[in-house]
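Single-structure report; data block below.
2 protein chains.
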Amino acid sequence: MPSQGRRATLAQVAERAGVSTMTASYAFGRPERVSAASRERVLTAARELGYTGPDPSARSLRQGRAGALGVVLGEHLTYAFDDPQAAAFLAGIAEVCAAAGTAMTILPVVDSAEDVGRVAAAAVDGLVLWTTYDDSPVVRAALATGRPVVVHGGPAVDGATLVGIDDRAAARAVGRLVLAGAAHPAVLAFPTTAERAVVLTTGPDPDAATFPVTRARLLGYRDAAQDLGLEWSRVRVATCTTNSAVEAHAQAGRLLEEGPVDAVAAMSDQLALGVLGALADRGRAVPGDVAVSGWDDSPVAAER
Amino acid sequence: MPSQGRRATLAQVAERAGVSTMTASYAFGRPERVSAASRERVLTAARELGYTGPDPSARSLRQGRAGALGVVLGEHLTYAFDDPQAAAFLAGIAEVCAAAGTAMTILPVVDSAEDVGRVAAAAVDGLVLWTTYDDSPVVRAALATGRPVVVHGGPAVDGATLVGIDDRAAARAVGRLVLAGAAHPAVLAFPTTAERAVVLTTGPDPDAATFPVTRARLLGYRDAAQDLGLEWSRVRVATCTTNSAVEAHAQAGRLLEEGPVDAVAAMSDQLALGVLGALADRGRAVPGDVAVSGWDDSPVAAER
DNA sequence: GGTCATTTGTGTAACGTTACACATATACTG
DNA sequence: CAGTATATGTGTAACGTTACACAAATGACC
Numbered sequence: 000m001p002s003q004g005r006r007a008t009l010a011q012v013a014e015r016a017g018v019s020t021m022t023a024s025y026a027f028g029r030p031e032r033v034s035a036a037s038r039e040r041v042l043t044a045a046r047e048l049g050y051t052g053p054d055p056s057a058r059s060l061r062q063g064r065a066g067a068l069g070v071v072l073g074e075h076l077t078y079a080f081d082d083p084q085a086a087a088f089l090a091g092i093a094e095v096c097a098a099a100g101t102a103m104t105i106l107p108v109v110d111s112a113e114d115v116g117r118v119a120a121a122a123v124d125g126l127v128l129w130t131t132y133d134d135s136p137v138v139r140a141a142l143a144t145g146r147p148v149v150v151h152g153g154p155a156v157d158g159a160t161l162v163g164i165d166d167r168a169a170a171r172a173v174g175r176l177v178l179a180g181a182a183h184p185a186v187l188a189f190p191t192t193a194e195r196a197v198v199l200t201t202g203p204d205p206d207a208a209t210f211p212v213t214r215a216r217l218l219g220y221r222d223a224a225q226d227l228g229l230e231w232s233r234v235r236v237a238t239c240t241t242n243s244a245v246e247a248h249a250q251a252g253r254l255l256e257e258g259p260v261d262a263v264a265a266m267s268d269q270l271a272l273g274v275l276g277a278l279a280d281r282g283r284a285v286p287g288d289v290a291v292s293g294w295d296d297s298p299v300a301a302e303r
Numbered sequence: 000m001p002s003q004g005r006r007a008t009l010a011q012v013a014e015r016a017g018v019s020t021m022t023a024s025y026a027f028g029r030p031e032r033v034s035a036a037s038r039e040r041v042l043t044a045a046r047e048l049g050y051t052g053p054d055p056s057a058r059s060l061r062q063g064r065a066g067a068l069g070v071v072l073g074e075h076l077t078y079a080f081d082d083p084q085a086a087a088f089l090a091g092i093a094e095v096c097a098a099a100g101t102a103m104t105i106l107p108v109v110d111s112a113e114d115v116g117r118v119a120a121a122a123v124d125g126l127v128l129w130t131t132y133d134d135s136p137v138v139r140a141a142l143a144t145g146r147p148v149v150v151h152g153g154p155a156v157d158g159a160t161l162v163g164i165d166d167r168a169a170a171r172a173v174g175r176l177v178l179a180g181a182a183h184p185a186v187l188a189f190p191t192t193a194e195r196a197v198v199l200t201t202g203p204d205p206d207a208a209t210f211p212v213t214r215a216r217l218l219g220y221r222d223a224a225q226d227l228g229l230e231w232s233r234v235r236v237a238t239c240t241t242n243s244a245v246e247a248h249a250q251a252g253r254l255l256e257e258g259p260v261d262a263v264a265a266m267s268d269q270l271a272l273g274v275l276g277a278l279a280d281r282g283r284a285v286p287g288d289v290a291v292s293g294w295d296d297s298p299v300a301a302e303r
């Protein structure tokens, strides 16, 4: 019968099997290194003692590998599962981890000093950070661990690999299509600052945005406006605090109430969905009355 | 400057700070245990050496705690992020973990023997399993680790805590409403077996379903049918392999093509959504022509 | 039968940390 | 000022495992 109380140790298994500890270790970690007979004896002894394999922490310490990839969603964690982009990102990582046989550790980290410390305290072999604002303390903490760091969407920092697309160029291309011929162009944007304040302004300075993704796309839209001979100062820009259709609906509503709009470039399909909702409320036709663009080619986009 | 190459060790930090290793350890792990002066010296030395805190694995080994909660989604992992129920479940766990300062480790585990081994190899303090079928090897592996195990939605097993609702009673209540007065009742169900075969049958034996959730809800619907004086053997049941509106749309289509239907009890809002889609394709009115019920009160349900 | 390669087993020494128990210094009590 | 409580520092001994190097046994080959 399996042991009651404390878990058995590898040494105990070895003793019961009548072999050395190392032989028992090999039986689990490198089965081909040991004869079939010994292996069988070890596994039998293990079963009898209720030993289910080497202790993960001890193994990690000795081997110097944690066997897990750390994922930091930052403030996004709160609503990551509501945000299709974040969810898709997680799903992608999960798939790769599954293939690699690696665990995926999600770190609950926002900005508090206490939280940031958790990045260093996590038993992981590397870190993936979801897009955050420039100079976020989380990025510094991640780099300080000395482990490999990948930042998705920015900010770009020395020592970390940046993955993502050329947001500026893409926004420029999209902007040229959707803003073409518009008399009253508008942008529905992600947050511009770490505080995620809701902003409703006109022709803002893209470089003032500290969220790299937002900044790059604003720059791209401005490029597009210039390409089209459109005054950037006449483009109205509203921000949402999260990538949510519900919130976008409300913000788009404000945008529509406070002035005429005949083209909206939204920074995500979720935001675009909100725009469509707000337009529908007012009986405006798309694309007849108002041109709308989204971003990610998500399933939602296909349906409209 | 931060050390190049290998990470510094606590002993090195202590030496540089001119204190014992234990004092350095306390400076990090229990700051109030050490004088402000020493603490400062230790932290300074650490900064100079690029030491970011105790090695997580070593700490785990010594303390006997991993500081992480393991989550096993099983085969669901592949599409967990597409399944609103699974996503909400993950979000809830994530929230609790964040509050508790615990990491959340997602284990890529399906049924292969290799995968199941990963449950034992994970550095976690406890395990949460997403609903799976009876007698799944993953459940056994989880229990064998000797760590606390919580199973969401079943199966119920000795040694593990089961969380979930009384699916049978709830299904009975819902079934009594939606199937009332139906001449051609139908059920759109989750998979019945581990193989997730697509089934289209009539009055199946609920107890033959090895997915506890499916079984309980089928039992509840059958109870409802009896309550209503409806022959269970006349209730048509179709299954979907995943909790997806797209697939439900197709399955509901089959259901509608192969015979008349005037009431559908779907096991989730996603499935119900598929039913609505299939009905819309055929110009059938809801609830005029066909009564439809979902399950989870998800946001999607509110919109319809 | 002797040489060499391969298979299999073992002892030792870490991996980096913290629990524990004890020693010393300092502060408080009456 | 003795007596006691509290604050602070330290040495030792694990925590459970595996890398490494070596030894012994086995097999292959001519």
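Residue numbers (numbering that gives the first Met the number 0), protein chains in the order written: chain S, 0 to 303; chain Z, 0 to 303.
All C-beta atoms, glycine included, are put in the ideal place defined by N, C-alpha and C.
Contacts with chain Z at 9 Å (Cβ-Cβ) do not include CYS239/S. The three-state secondary structure of MET103/Z, taken from DSSP, is strand. Annotation note: the segment 129-213 of chain Z contains the following uninterrupted alpha helix (DSSP H) runs of length 4 or greater, listed N- to C-terminal: 136-143, 166-177. Of the candidates LEU255/Z, ARG175/Z, ALA179/Z, THR130/Z, THR130/Z places its Cα closest to the Cα of THR160/Z.
In the three-state DSSP reduction, LEU227/S falls in the coil class, being neither helix nor strand. Bridge pairing for LEU275/S: absent [DSSP].
Short of 7 Å from the beta carbon of ALA277/Z, and not among the five residues preceding or following it, lie these beta carbons of its own chain, in chain order: HIS248, ALA251, GLY252, LEU255. The alpha-carbon separation between ALA90/S and ASP81/Z amounts to approximately 9 Å.
Contiguous alpha helix (DSSP H) elements confined to the segment 19-62 of chain S occur at 20-28, 35-48, 55-62, taking only those with 4 or more residues.
In the three-state reduction of the DSSP assignment, SER232/Z falls in the helix class. The beta carbon of ASP114/S sits closer than 6 Å to those of VAL108, all from its chain and outside the five residues before and after it, given in chain order. Within its own chain, the residues whose Cβ lies closer than 6 Å to the Cβ of ALA265/Z, once the five positions on either side in sequence are excluded, are LEU187, ALA271, VAL274, GLY293, listed in chain order.
The C-beta distance from VAL197/Z to THR240/Z rounds to 6 Å, short enough to meet the 8 Å contact threshold. Cβ neighbours of GLU246/S within its own chain (closer than 6 Å, five residues either side excluded): CYS239. Counting the other Cβ atoms within 10 Å of the Cβ of SER19/Z gives fewer than 16, which makes it exposed. Here VAL162/S is exposed. Its C-beta has fewer than 16 other C-beta atoms within 10 Å. Within the same chain, and ignoring the five residues on either side of ALA237/S in sequence, the residues whose Cβ sits closer than 6 Å to its Cβ are LEU187, LEU199, GLN250, LEU254. Distance from the CA atom of ASP288/S to the CA atom of LEU128/S, rounded to whole angstroms, is 40 Å. By the rule that beta-carbons nearer than 9 Å mark a contact, TYR25/Z does not touch chain S. Collapsing the DSSP output to three states places LEU126/S in a strand. ILE164/S is outside the set of residues whose beta carbon lies under 9 Å from a beta carbon in chain Z. Cβ-Cβ distances below 8 Å link ARG32/S to TYR25 in the same chain, with the five nearest sequence neighbours on each side left out; the list follows chain order.
DSSP places GLY69/S within a strand segment (E or B) once states are collapsed to three. Proximity of the segment 7-14 of chain Z to the segment 40-47 of chain Z meets the contact definition, three or more beta-carbon pairs being nearer than 8 Å. Assignment of VAL108/S by DSSP, reduced to helix, strand and coil, places it in the coil class. Counting only the Cα atoms, ARG214/Z lies some 6 Å from ASP206/Z. Of the candidates GLY49/S, PRO259/S, ASP268/S, PRO211/S, PRO211/S places its Cα closest to the Cα of ASP134/S.
Interface annotation for the segment 94-106 of chain S against chain Z: GLU94, CYS96, ALA97, ALA98, ALA99, GLY100, THR101, ALA102, MET103, THR104, ILE105, LEU106, criterion Cβ-Cβ distance under 9 Å. DSSP, read as helix, strand or coil, puts VAL263/Z in strand. Under DSSP, VAL291/S takes part in a beta bridge, and its partners are VAL263/S.
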